[in-house]
Structure formats: C-alpha cells, structure tokens
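For the sequence shown, position 232 (counting from the first letter as 1) is numbered 231 according to numbering that gives the first Met the number 0, and the numbering increases by one without interruption. From the three backbone atoms N, C-alpha and C, an ideal C-beta is built for every residue, glycine too. Since the structure comes first, as structure tokens, the remarks are kept for the end.
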Amino acid sequence: MSGMTFDGMTAAELTDALKDAGLPSSGNKATKIARLEEAGITVSKVEDQQVEAAVIDAVMVADSTSEGFASKLTASRQMFGQNIPFFGAIILAILMVSATTVVFIAGPIVMELIRGEPEYHLIDFDPSQARDRAEHLVSLGHPEWKGRMSGSYEELMTAESNKANFTEYGLASTLEEFEVPMFEIQAEPRLFYCIPGTYPLGLPPIIPCGPQDVNRVDKEFEHRIDFVIQGYSGTASYSFGDNLELVNLSNGTDDSLWAGASGEVGVVWSSPGVGSNTDIYAKAISNDLRALFLVNVKYNCGKVEPDDCVPIFKTVDIEGLMDQTGGNLPDTIPFIQLSKNTGEELQEVFDQQDSNNARLGLEIDVDNQGTRPVRVPCGILEGNDDKVIMFGGHHDTVYNGPGAIDDTTGTATVLELARQFALLAQELGPPDHTMKFCTWGGEEEGLHGSKAWVEKHADELKENLIVYINLDMNHVDIDPERGNGLTLFGNYQSDIDHIERITEKFKAERSDLASKYSITIRTLDGPKNSETGMPYNSDHGPFVYDLVHDESDKPGHALVCYGSGSWEYHTYMDNMDHFNEESLAVSAIIYGTYARYLAWGEK
0 MSGMTFDGMT
10 AAELTDALKD
20 AGLPSSGNKA
30 TKIARLEEAG
40 ITVSKVEDQQ
50 VEAAVIDAVM
60 VADSTSEGFA
70 SKLTASRQMF
80 GQNIPFFGAI
90 ILAILMVSAT
100 TVVFIAGPIV
110 MELIRGEPEY
120 HLIDFDPSQA
130 RDRAEHLVSL
140 GHPEWKGRMS
150 GSYEELMTAE
160 SNKANFTEYG
170 LASTLEEFEV
180 PMFEIQAEPR
190 LFYCIPGTYP
200 LGLPPIIPCG
210 PQDVNRVDKE
220 FEHRIDFVIQ
230 GYSGTASYSF
240 GDNLELVNLS
250 NGTDDSLWAG
260 ASGEVGVVWS
270 SPGVGSNTDI
280 YAKAISNDLR
290 ALFLVNVKYN
300 CGKVEPDDCV
310 PIFKTVDIEG
320 LMDQTGGNLP
330 DTIPFIQLSK
340 NTGEELQEVF
350 DQQDSNNARL
360 GLEIDVDNQG
370 TRPVRVPCGI
380 LEGNDDKVIM
390 FGGHHDTVYN
400 GPGAIDDTTG
410 TATVLELARQ
420 FALLAQELGP
430 PDHTMKFCTW
440 GGEEEGLHGS
450 KAWVEKHADE
460 LKENLIVYIN
470 LDMNHVDIDP
480 ERGNGLTLFG
490 NYQSDIDHIE
500 RITEKFKAER
510 SDLASKYSIT
520 IRTLDGPKNS
530 ETGMPYNSDH
540 GPFVYDLVHD
550 ESDKPGHALV
560 CYGSGSWEYH
570 TYMDNMDHFN
580 EESLAVSAII
590 YGTYARYLAW
600 GEK
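Structure representation (structure tokens):
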C-alpha cells in the first residue's frame, strides 16, 4: 500500500482507523481525515494496525480448539472496507507479512479471490403493521373525492402523520416543503346535457332547455365514475345557451380535425396511436379549443365495471407542455377524461344535434396557475458516516380515489421498514452508513416532491448516495386471476447480483411466502426510458438521472419494485378491497435484507 494517502481511502476505512485509534468516527470524509492528522496518525500506521490485527487473529485461530477453529473459519472480519471470510483474512495476513508490496499491487485480485459469498440475514417485516398504516392513510383522504391530492390539506395531514410515525419509531425526522407548479380543484365538477322538448302543436320551446321547456330530456353524469378531471385542466362554465358542438378528433393525430375544432369541444378516443395527455392538451391549447374530452377505450375495460372502461386520472408533463406551447398554459380550457360508455352516449346524442338540438353543459373549476406546497417527510437513522441508503414511496394519490394500492402500499412499506430498521439499530448498534426513509408528495402530477428534494440535496447525494430503493405499487392483488408477479429491477449489475442471491435465500428460507409469487429480476442499465433503461416514471427517476450533469457523472444507483394486478389503477375503486399486505413483504424483505447488508455487513 506504499504511496497510499488518506484521500485514497474509503469512508469506511477511515472510520475503522478512527475507531482503532479510539477517536470519534462521525463526520464527512474531510472531517475524518483532519481528525486522524491532528492525532498524528499516518497512513503507514493504519496499514500496520490492519496487518497486526489480521496476524493476531490468525494466531488465535491456530491456538483454538477444533470446534473454535471451525466456527472461526465460517466467520468474517472487515479489512480495508471489505467483509472477508476469516480463512481469507488469514491468507491475506500471511501474504501481507511476507510480501506486502506485491500483495497490494495485486490487492483487488486477491480480494476478489478470498472475499467469498456474502452472508445475508433476512430482515423481519410485519404485514399487519403495514396494513394498519395503510388503513390510517386511506382514512385521511378527501371527504368526497377520497384522494390525498398534492398540495391539499389531505396531503399535508398525510405527510405530518408519516413524520409522526418516524418519530414514534425513535428516528430523527424532518418535514420539508417545496413550492411547485400545481393545480387545485376548487369545486365539484359537473358534466350534463339536455335534449329540448316541444310545445303544443310540436313547436320548439322559445328557449331550448330553458325554464319553460318542461318536457325536455336531461342527463347529468357522475363525477369520478363517468368522468374525471385531468392534470392542469383549466376552468370554464358552459351552459345550454352556449350551444357547444362536439367535434370528433378520432385518435388525435389528424391536424386538420384539430383546426376544425377551434372554438368547440374536441373529443379524442384513446385508441392505440393516441399521444400523451401532454401532447393532446398542447394541441387543444394551440388550436384554441373551448374544452378537451378524452374517452377511455383502452384501460381497465370490463375489469372495474363489467360493461365499461372506467375513466382514470392522468397528469400532463407541465414542463413539456410549456415547451410545446411556448410557455402558454391558459386557465380557460377544461380537460376531462370520460368513461367509454359516457363518451359513446355523448357521441350518439351529438351526432344528431342538427335534428335533436342537443345542448351540452360543463362546469369545471380548477386553478391551474401558480404554485402550491408539496411535502417530503423523512425518518433518519444516523450511521457512523455520511454515506446514505434510502427507501422511498409517494404518499400522495390521484384526487379521485383512495389510492390504496397507488401508492399507499409503498408508503406503508416504507413506514414498516423504518420501524424494523430502528429495532435492528437497538440490537446491532448504529449502522455503518446513515439510512433515510422518505415519502414524497407531488408524484402523481410530475414527481414534483422527489425532484425538488433531489435538487436541494444534490451535492450531498452525488457524494454519498449508495442506493435509492423505490417502492411504488410493490403489491400483488389478493385475487390470483389478476396475476401473481412482482418485478425487481435496478440499473447497476452489482446491486442486482446481490438481489439475485438474496432472492434465492428468501425462496429457501421463506418458501411459505415466496412460493405464492412469481419474482422477476431485471437489470435496466441502458439509456433513459429505453427498453433496456430505467423508466423516468416514478420517484426513482430523479435519483438516477437528475444527478447527472456532465459526462463524468454516473447515474445514481436505484432499485425498484413494481407489482401486478391492480386493475383499479387511478380510478375511484382503488380502495382497500384488494389490499394484500402479505405481498408487500416480498420486496420489503429482499430489498431490506440488501440494505441491512450494506448498513451492517454480515453482523
């Protein structure tokens, strides 16, 4: 190791050196180096101490009984920041004593030969605790619409509840607030139509659908079931007197149809080929539509309701929208999604508008201008250094449903993991590295909470983040017909190698649980959003990609779990009916075991 400096040592190696010298080991790398230098400790002295410790251990083994010798061979010790099987430590010590310079030239090769298979200890996870947390979170939803929409009172109560849980578990806790572009639904929306009646002798009423039109036909659709507001919709109130027309825009790809819908209500059918909400809303803005309807004909059809495709909430990429519209986000263009049956009924009625004189009514009250606060509570388990292992899930939901699966499941898992690791710290002592457990607001409207948090803490994360583990719908529904698959994926093969080994141990030791679920493990280390790359579709995205600012920056490490079977995704029916707390234990135990290994080694 001749020529090595403190700067060339890892934080873990510096921590060990401080502990061996009886000095405090907290602080960042620069602080640790300064403390060693102030104490007059040199790199060569640290090297000598490590050699001496290894040789002493080797002698102790030689003097042991056969039983003690066997147990020593299966144990391990930490050398140069690595957990090394004890037998390997003996070999390394002998090599170091006999040929120190040669060994350290070939150090990485020797380490690889003797490191051996890591020993993992599966963590505990209590599904009933996770369910209790989930039921409480769902109870915090909007009294009418049930969701915990970002920027709302309900989201604030959720964030404060999570922070209180972290504190209860004995963790340090924080609650940060970020102002982000956000919309606010200010009143119950309405969608309705009228077919005028007739006066005696078959004459039309003086005011079609007016107060004297006593034999007209009225229909009002049910909010959340027949239609839902889409992200960053504008506000408008149209009455029967406005005599709006519905213009069929097919799948939204024909620009000439859009031009013909100017000043009217455009209807896009969400068949294959339809662009994103961002793309079609940008076209509605550019063509000055009075409102935009998107009919759901491809999601959850026949799954939630046997004869319908239930409308779902979807947001727009607000930055992408501004790019397409030159920074224009009007506050006067409502944007809603209709169920399949609602869209077909409106189309049938208004196809005959020339003969039946049908009239449309629409009342949407959404403030889509300015910013609103979203919150990020974190529980912190302080470690012996500043390196960070993180878990996260988003605590906000779509506005129109309880969000029991998306993502109350992930949030409840993070809370139970925080409790389990607090208990582990009582048993094992402080972890080698700091652990953080965070839940994010603003995910459903554009990952606003995690993006803002990563931006604020970017310098710290670039230096210290070991891995971020994202739990977003890490759940399999109770009904086996919906599938039983969980997908575990990450963007570094080194992480995935551990996950594969831990999964095999999980299958062997927890076959009662593992046998019920199909576990797929994938490495996605390709370009962003490619088939072989990590998607930028949940809160892991900022941790992977937003820390990359130039060619020298590598993407951050992330692990993610996605479950299966949630047909009620983003609908009013995403409630506790299909909540399967047992399935949360699969990803929690596998990823939690990896975090335990990173935090405490083979203790």
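Query	Result
Buried versus exposed call for L416 [16 or more other C-beta atoms within 10 Å across all chains shown]	buried
Identity of the residues DSSP links to S198 by a beta bridge	The question names Ser, yet the displayed sequence has Tyr at residue 198. According to DSSP, which records beta bridges pairwise, Y198 is partnered with nothing at all.
Whole-number beta carbon distance between Y192 and A457, since they are thought to touch under 8 angstroms	The pair is not a contact, with the Cβ atoms about 51 angstroms apart (cut-off 8 angstroms).
Where Y152 falls, given that 16 or more other Cβ within 10 Å makes a residue buried	exposed
Same chain, Cβ closer than 7 angstroms to P526, neighbours up to 5 away in sequence not counted	G532
Status (buried if at least 16 other CB within 10 Å, exposed otherwise) for H432	buried
Per-residue DSSP class, three states only, for E175	strand
Of the residues D476, Y593, K339, R215, the one placed nearest K504, counting alpha carbons only	Y593
Segment contact flag, the segment 407-425 with the segment 484-503, C-beta cutoff 8 angstroms, min 3 pairs	no
Cβ neighbours of P429 in the same chain (closer than 7 angstroms, five flanking residues each side left out)	E381, G382, N383
Start and end residues, beta strand (DSSP E) containing T486	484-489
Of the listed residues Y231, I205, L359, nearest to F220 (C-alpha basis)	L359
Proximity of A598 and M389 at Cβ, strictly below 9 angstroms	no
A61 classed as buried or exposed, judged by whether at least 16 other C-beta atoms fall within 10 angstroms	Low local confidence applies: a pLDDT of 40 at A61 is under 50, so the model's placement there is unreliable, with the coordinate-based value given in what follows. With fewer than 16 other Cβ atoms within 10 Å, it is exposed.
Strand pairing of F334, partner residues [DSSP]	L291
Test item: CB-CB of Y596 and L558 under 9 angstroms	no
Exposed unless 16 or more other CB atoms sit within 10 angstroms - verdict on D494	buried
Bridge partners - Y237, DSSP secondary structure assignment	L361
Cβ-Cβ distance between H539 and V397 below 9 angstroms	no
Residues bridged to C300 [DSSP beta-bridge criterion]	Answer by DSSP bridge pairing: none, since C300 is not bridged.
A6 (DSSP reduced to helix, strand or coil)	Here residue 6 is Asp; the residue named in the question, Ala, does not match the sequence. If DSSP states are grouped into helix, strand and coil, D6 belongs with the helices.
Whether W439 touches V387 by CB criterion (9 angstroms)	no
Assigned exposure category for L485 - 16 Cβ within 10 Å defines buried	buried
With 16 other Cβ atoms within 10 Å as the buried cut-off, status of I363	buried
CB of Y535 within 9 angstroms of CB of V543, strictly	yes
Inside the segment 442-497 only - beta strand (DSSP E) runs reaching at least 3 residues	464-470, 484-489
Residues of its chain near K450, where Cβ-Cβ distance is below 6 angstroms and the 5 sequence neighbours each way are ignored	P541
Segment contact flag, the segment 343-353 with the segment 128-147, C-beta cutoff 8 angstroms, min 3 pairs	no
Length of the line joining the Cα atoms of K18 and A281	60 angstroms
Nearest-angstrom beta carbon gap, Q336 and F226 [assumed within contact, 8 angstroms]	7 angstroms
T410 classed as buried or exposed, judged by whether at least 16 other C-beta atoms fall within 10 angstroms	buried
S75 to E601 span [Cα, whole Å]	The predicted position of S75 is uncertain, since its pLDDT is 48 and thus under 50; no value can be drawn from it.
Status (buried if at least 16 other CB within 10 Å, exposed otherwise) for Q229	buried
K297, buried or exposed, once every other Cβ within 10 Å from all chains shown has been counted against 16	exposed
Range covered by the alpha helix (DSSP H) that runs through A513	510-513
Identified DSSP bridge partners for A557	Y467
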